[in-house]
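Note sheet for the following structure.
4 protein chains.
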Amino acid sequence: MTPEPSPARRSARSHRAILDATFELAVRNGYPKLTIEAIAAAAGVGKPTIYRWWPSKGALALESINERMGTATDFPDTGDVVADLAGQIDNVVRLFNSDVGAVYRGVIAEAQGDPKVAAAVRETITEPRTRQCRARLDRAVAAGQLRADIPARLMVEQLYAPVYYRFLLGTEPLDGFDARATVERVLDGLRPRH
Amino acid sequence: MTPEPSPARRSARSHRAILDATFELAVRNGYPKLTIEAIAAAAGVGKPTIYRWWPSKGALALESINERMGTATDFPDTGDVVADLAGQIDNVVRLFNSDVGAVYRGVIAEAQGDPKVAAAVRETITEPRTRQCRARLDRAVAAGQLRADIPARLMVEQLYAPVYYRFLLGTEPLDGFDARATVERVLDGLRPRH
Amino acid sequence: MTPEPSPARRSARSHRAILDATFELAVRNGYPKLTIEAIAAAAGVGKPTIYRWWPSKGALALESINERMGTATDFPDTGDVVADLAGQIDNVVRLFNSDVGAVYRGVIAEAQGDPKVAAAVRETITEPRTRQCRARLDRAVAAGQLRADIPARLMVEQLYAPVYYRFLLGTEPLDGFDARATVERVLDGLRPRH
Amino acid sequence: MTPEPSPARRSARSHRAILDATFELAVRNGYPKLTIEAIAAAAGVGKPTIYRWWPSKGALALESINERMGTATDFPDTGDVVADLAGQIDNVVRLFNSDVGAVYRGVIAEAQGDPKVAAAVRETITEPRTRQCRARLDRAVAAGQLRADIPARLMVEQLYAPVYYRFLLGTEPLDGFDARATVERVLDGLRPRH
DNA sequence: TTCTAATCGAGACGGTACGTCAAGTCTTGCC
DNA sequence: GGCAAGACTTGACGTACCGTCTCGATTAGAA
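Protein chains in written order, with the working numbering: chain W, 1 to 194; chain B, 1001 to 1194; chain P, 2001 to 2194; chain E, 3001 to 3194.
Next up, the structure:
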């Protein structure tokens, strides 16, 4: 029907203005009150321009936060796996507590009912970081610091699930999240050692 | 302003019809397409009747699933903490994979942007089960099956977070969730034992 | 179906409170914003009590103003027909400019779409006064002060129509209505005399 | 706040469909049962499209009848002022007895409680015709057929008030209105001549 | 360097649902 | 047994956005 628009002729100014307006409005009014209409108005842009380039407000918000994630979630490798993981998790917690986190929360909510957004979240946020994390864990396994009989992807899950659990369920405040203690606990397990 | 309506005079027929219609429509069309208007029509009820008793579609959907949670999430106590936890988690996974889970996903999404729904989810779903779980864990600690130096609430988090992580992020399929192996892993930790 | 309620057991207190609340609310908020609900609340009465005794808010408002019309619209007979008519019309204008007039305007509006209210307006307001007016005019005819070849009801029409015309159409302000001059003009006609 | 919409981009099709649906529904179901919702549905138009261009159902109905007034109310000038006025009044009576009249009655009712509608009725209906009528009367005065000492606007009032009086109060049937006799009577006055 | 076609802003459009108000009916206890 | 109280179904209100659709007015690339 409508042909794919050619990115070549895309207005860089509008692209920027749209993403900035999206993030700013999402933060200012809260994600649920974010509307395409308001974004268009704030960006000084027609609504069709937005619909031409993004399929939904979820996709738009996702792109706006991906730009702002920066290097906060990189995985360092100092050799000390506990310190490295705890440090990275601390960065993630800080991110989740920031404006970016607030918008991310909305994007995840959107993803619950929109498979395309869900896929985009996985592809642009969780999977890349999971991959990086697995690489770091694999090195720790090789160094004998972690058990070799557990797939790294399950380790990732075990380490990051509690952060997301608090982030999304709000059972415990994220602020009080003690990354180092959590990592130690996950690494040591709940069974008593003798 | 508007006085709290008196529950005594509430129409039982309408109450039932509304909750049933809510659940059925949420399942049939998906939570995001659920509207108060459609619920009212399907239940043979006026919209004001719904607004009189529930503040939002989130609250309504939450009540409709709470009715349907049943005993699936009770915590047994056979003395074998691993088997008990794994069994309960299996039940939770089955629940999350059912229609109730589909609606619950929508409710959690709603909760991301509506503090009242978030609070209601905690009060009626997560906290009661957390309490039950902690009681079970406390008994296991007393029996020497779990470490005594870790607050039970953190243990709960560690055990259930991965289920929610898959449920909400979809990183790994919930179907393939091996509850027993996960419990073992969480209990044993990721560090190699010697 | 519902049997005619027996006026004997009617609560005088409620009757009064309802009529008073009706008039007061109609004046305070304007007739279009007058609602049965508000009347019931203000009168400390259930809605069904109102519906039991009055068929519509128009009927209710009509009764409330009929109580308040008083003797302002009686037709005096001093022998001087011009003075008598001008005086009575002055009283009518004053009434129309009062709170009673404001409510009356609303009742007439209601009557445009509700034949029962229209009939009630005629029976309780216009016809009795028309009858009185005709009697006065008949005496003037007998006294040779008015033409004998014109039916009195047409004379009434000619005299009062301009008042209602201004009252309802607002073409000219009612305040500036010069009753005496109008009566003279109507009596003398528009054709030049020689 | 909301900027005036630009008439240039207005959809002619919708404009027509809305006015036609308004008139048709008003006639079919009666003015009080006329709803914006039903108009929108019948016109195949969204409600906001109606609210964008008209402030109220009264304004809408007024425009729909103004379109249909046609030349029925023009003031001829044959030199015979009695015949001219009687003819014009006959046309008005016919109009009031038609569908247009039925809707006009509703609009006037609305105007009783809505000053904007009242002003619009005056500006688009009564005043233009009053002006035309005055012009005709002024010529009659100049020709010595009418008294020169009475402002034409008062003459207009005296001539047309009885028509409106019957139209709105229903004291006498409009059908039986004898325009010629009424004009004669108004011109000759009620006092006996000698 | 001009032409021309895609992209742009603007915003009206048909819709859907919102949350609210009031209508008129009914049901339940109090007096 | 009439009455207050108020919950009920119904239906319309006026508003907010949705996503689609014209419109001219740029505007940038190909000719």
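Backbone N, C-alpha and C fix where the C-beta goes; we use that ideal spot for every residue, glycine too.
(message) Distance cutoff 7 Å, beta carbons only. Does B/Leu1146 sit that close to anything in chain W?
(response) Counting from 1 along the second sequence, the entry for residue 1146 of chain B is found at position 146. Chain W contact via Cβ: present.
(request) Grab the span of the alpha helix (DSSP H) containing E/Phe3167 for me, first residue to last. (result) Here residue 3167 of chain E refers to the residue found at position 167 of the fourth sequence. Counted as a single uninterrupted DSSP element, the alpha helix (DSSP H) harbouring E/Phe3167 occupies residues 3152-3169.
(request) Report yes if the CB atom of B/Leu1220 is closer than 7 Å to the CB atom of B/Val1092, and no otherwise. (result) Shown here, chain B extends from 1001 to 1194; a query on residue 1220 of chain B therefore has no answer.
(message) For W/Glu157, would you say it is in contact with chain B, using Cβ-to-Cβ distances shorter than 7 Å as the test?
(response) Numbered from 1 along the first sequence, position 157 holds the residue referred to as residue 157 of chain W. True, the Cβ-Cβ gap to chain B drops below 7 Å.
(message) Please confirm whether P/Gly2176 has its beta-carbon closer than 7 Å to some beta-carbon of chain E.
(response) Within the third sequence, the letter at position 176 stands for residue 2176 of chain P. Using a CB distance cut-off of 7 Å, P/Gly2176 does not count as an interface residue toward chain E.
(request) Could you say if the stretch 3161-3175 of chain E and the stretch 2158-2176 of chain P meet the contact criterion of at least three C-beta pairs nearer than 8 Å? (result) In this structure the stretch 3161-3175 of chain E lies against the stretch 2158-2176 of chain P, because at least three pairs of beta carbons, one per stretch, are closer than 8 Å.
(request) Check the Cβ-Cβ distances between E/Leu3095 and every residue of chain P, and say whether any is below 7 Å. (result) Residue numbering aside, residue 3095 of chain E sits at position 95 when the fourth sequence is read from its first letter. Chain P, which has no Cβ nearer than 7 Å to the Cβ of E/Leu3095, makes this no.
(request) Determine the burial state of B/Asp1080: buried for a count of at least 16 other Cβ atoms within 10 Å of its Cβ, exposed for fewer. (result) Numbered from 1 along the second sequence, position 80 holds the residue referred to as residue 1080 of chain B. The residue is exposed, with fewer than 16 neighbouring Cβ atoms inside 10 Å.
(request) Using a Cβ cut-off of 9 Å, pull out every chain E residue sitting near P/Ala2118, in sequence order please. (result) Along the third sequence, one-based indexing puts residue 2118 of chain P at 118. Those are Leu3169, Gly3170, listed as they occur along chain E.
(message) Considering Cα atoms alone, identify which of E/Ala3140, E/Met3069, E/Lys3057 is closest to E/Ala3111.
(response) Position 111 of the fourth sequence holds residue 3111 of chain E. The alpha carbon of E/Ala3111 has as its nearest neighbour, out of E/Ala3140, E/Met3069, E/Lys3057, the alpha carbon of E/Lys3057.
(message) Suppose the cutoff is 7 Å on Cβ atoms and the five residues either side in sequence are ignored; what does the same chain contact list for B/Thr1049 look like?
(response) The residue labelled residue 1049 of chain B in the question sits at position 49 within the second sequence. For B/Thr1049, where only same-chain residues beyond five positions count, the Cβ hits under 7 Å are Ser1014.
(message) According to DSSP, simplified to helix, strand and coil, what is E/Ser3056?
(response) In the fourth sequence, the residue the question calls residue 3056 of chain E occupies position 56. Under the three-state reduction of DSSP output, E/Ser3056 falls in the coil class, being neither helix nor strand.
(request) Could you list the residues in the stretch 3054-3085 of chain E with a C-beta less than 8 Å from some C-beta on chain P, going in chain order? (result) Residues passing the 8 Å Cβ filter: none.
(request) Could you check the C-alpha separation between P/Ile2036 and P/Lys2047 for me, to the nearest Å? (result) Residue numbering aside, residue 2036 of chain P sits at position 36 when the third sequence is read from its first letter. Residue numbering aside, residue 2047 of chain P sits at position 47 when the third sequence is read from its first letter. P/Ile2036 and P/Lys2047: Cα-Cα distance of roughly 7 Å.
(message) Can you check which of these residues, B/Arg1134, B/Ala1140, B/Thr1073, is closest to B/Ala1152 by C-alpha distance?
(response) Within the second sequence, numbered from 1, the residue matching residue 1152 of chain B stands at position 152. Its Cα nearest to that of B/Ala1152, the residue B/Arg1134 stands out among B/Arg1134, B/Ala1140, B/Thr1073.
(message) Considering only the alpha carbon of each residue, which of P/Leu2187, P/Arg2105, P/Ala2120 lies closest to P/Gln2145?
(response) Along the third sequence, one-based indexing puts residue 2145 of chain P at 145. Distance check between P/Gln2145 and each of P/Leu2187, P/Arg2105, P/Ala2120 places P/Leu2187 closest, using alpha-carbon atoms only.
(request) Pick helix, strand or coil for W/Asn97, following the three-state DSSP scheme. (result) As a working note, residue 97 of chain W is residue 97 in the first sequence. Coil.
(message) Would you say E/Tyr3051 lies against chain P (beta-carbon separation less than 7 Å)?
(response) Sequence index remark: in the fourth sequence, residue 3051 of chain E carries index 51 (1-based). Taking 7 Å as the threshold, the shortest C-beta distance from E/Tyr3051 to chain P does not fall below it.
(message) Short of 8 Å Cβ to Cβ, which residues in the stretch 2117-2143 of chain P face chain E?
(response) The residues in question are Ala2118, Val2121, Arg2122, Thr2126, Glu2127, Thr2130.
(message) DSSP three-state label for B/Glu1067, please.
(response) Residue 1067 of chain B sits at position 67 when you count from the first residue of the second sequence. Note: B/Glu1067 maps to coil in three-state DSSP.
(message) Mapping the DSSP letters down to three states, classify P/Pro2173 as helix, strand or coil.
(response) Numbered from its first residue, the third sequence carries residue 2173 of chain P at position 173. Here P/Pro2173 sits in coil by DSSP.
(message) Taking the alpha helix (DSSP H) that W/Asp20 belongs to, which residues open and close that run?
(response) The residue given as residue 20 of chain W occupies position 20 in the first sequence. That run of the alpha helix (DSSP H) goes 12-29.
(message) Given this structure, state the Cα-to-Cα distance separating W/Thr73 from B/Ala1038, to the nearest angstrom.
(response) Position 73 of the first sequence holds residue 73 of chain W. Position 38 of the second sequence holds residue 1038 of chain B. For W/Thr73 and B/Ala1038, the distance between alpha carbons rounds to 43 Å.
(message) Give me the chain P residues within the contact set of E/Gly3113, using Cβ-Cβ distance strictly less than 7 Å, ordered along the chain.
(response) As a working note, residue 3113 of chain E is residue 113 in the fourth sequence. For E/Gly3113, the neighbours in chain P by C-beta distance under 7 Å run, in chain order, Gly2030, Tyr2031, Pro2032, Gly2106, Ala2109.
(message) For W/Asn66 and W/Ala181, what's the separation of their Cα atoms in angstroms?
(response) Within the first sequence, residue 66 of chain W is the residue found at index 66, counting from 1. Within the first sequence, residue 181 of chain W is the residue found at index 181, counting from 1. So the alpha carbons of these two residues sit roughly 29 Å apart.
(request) Using the Cα positions of W/Gln88 and W/Val183, report the straight-line distance between them to the nearest angstrom. (result) Taking the first residue of the first sequence as position 1, residue 88 of chain W is located at position 88. Taking the first residue of the first sequence as position 1, residue 183 of chain W is located at position 183. CA-CA distance, W/Gln88 to W/Val183, rounds to 11 Å.
(request) List the endpoints of the continuous alpha helix (DSSP H) containing B/Pro1115. (result) Reading the second sequence from its first residue, position 115 is the one you call residue 1115 of chain B. Per DSSP, the unbroken alpha helix (DSSP H) holding B/Pro1115 starts and ends at 1115-1121.
(request) Measure the C-alpha to C-alpha separation of W/Met1 and W/Ala43 and round it to an integer number of angstroms. (result) Within the first sequence, the letter at position 1 stands for residue 1 of chain W. Within the first sequence, the letter at position 43 stands for residue 43 of chain W. Residue placement at W/Met1 cannot be trusted, given a pLDDT of 35 that sits under 50; the coordinates are not used to answer.
(request) Below 8 Å on the Cβ atoms is my guess for P/Val2100 versus P/Thr2130; work out the distance and round it to an integer in Å. (result) The residue you call residue 2100 of chain P lines up with position 100 of the third sequence. The residue you call residue 2130 of chain P lines up with position 130 of the third sequence. In this structure P/Val2100 is not in contact with P/Thr2130, their Cβ atoms being roughly 19 Å apart against a cut-off of 8 Å.
(message) Assuming the contact rule is C-beta atoms closer than 8 Å, B/Arg1136 and B/Asp1077 should be a hit. Round their C-beta distance to whole Å, please.
(response) The residue you call residue 1136 of chain B lines up with position 136 of the second sequence. The residue you call residue 1077 of chain B lines up with position 77 of the second sequence. Here B/Arg1136 really is in contact with B/Asp1077; their C-beta atoms are around 6 Å apart, less than 8 Å.
(request) Leaving aside the five residues before and after P/Ile2108 along the sequence, list all residues of the same chain whose C-beta is less than 7 Å from its C-beta, in chain order. (result) Counting from one through the third sequence, the residue named residue 2108 of chain P turns up at place 108. Val2121, Leu2168, listed in sequence order.
(message) Counting C-beta neighbours from all protein chains within 10 Å, is the total for B/Ala1061 16 or more, i.e. buried, or is it exposed?
(response) To locate residue 1061 of chain B, count along the second sequence from 1; it is residue 61. The residue in question, B/Ala1061, is buried, as its Cβ has 16 or more Cβ neighbours within 10 Å.
(message) Please report whether the beta-carbon of E/Asp3188 lies at a distance below 7 Å from any beta-carbon of chain P.
(response) On the fourth sequence, position 188 is the one that residue 3188 of chain E refers to. Taking Cβ atoms only, chain P reaches closer than 7 Å to E/Asp3188, which makes this a yes.
(request) Give a yes or no on whether 7 Å exceeds the smallest Cβ distance from B/Arg1180 to chain W. (result) By one-based count along the second sequence, residue 1180 of chain B stands at place 180. No, because no Cβ of chain W sits closer than 7 Å to the Cβ of B/Arg1180.
(message) Strictly below 7 Å CB to CB, what residues from chain P border E/Ile3150?
(response) As a first step, residue 3150 of chain E must be located in the fourth sequence, where it is residue number 150. Going along chain P in sequence order, the residues near E/Ile3150 (Cβ under 7 Å) are Arg2185, Leu2190.
(request) Provide the residue span of the alpha helix (DSSP H) that contains B/Val1045, from first to last. (result) Here residue 1045 of chain B is taken as the residue at index 45 of the second sequence, counted from 1. Run containing B/Val1045: none; DSSP gives neither H nor E here.
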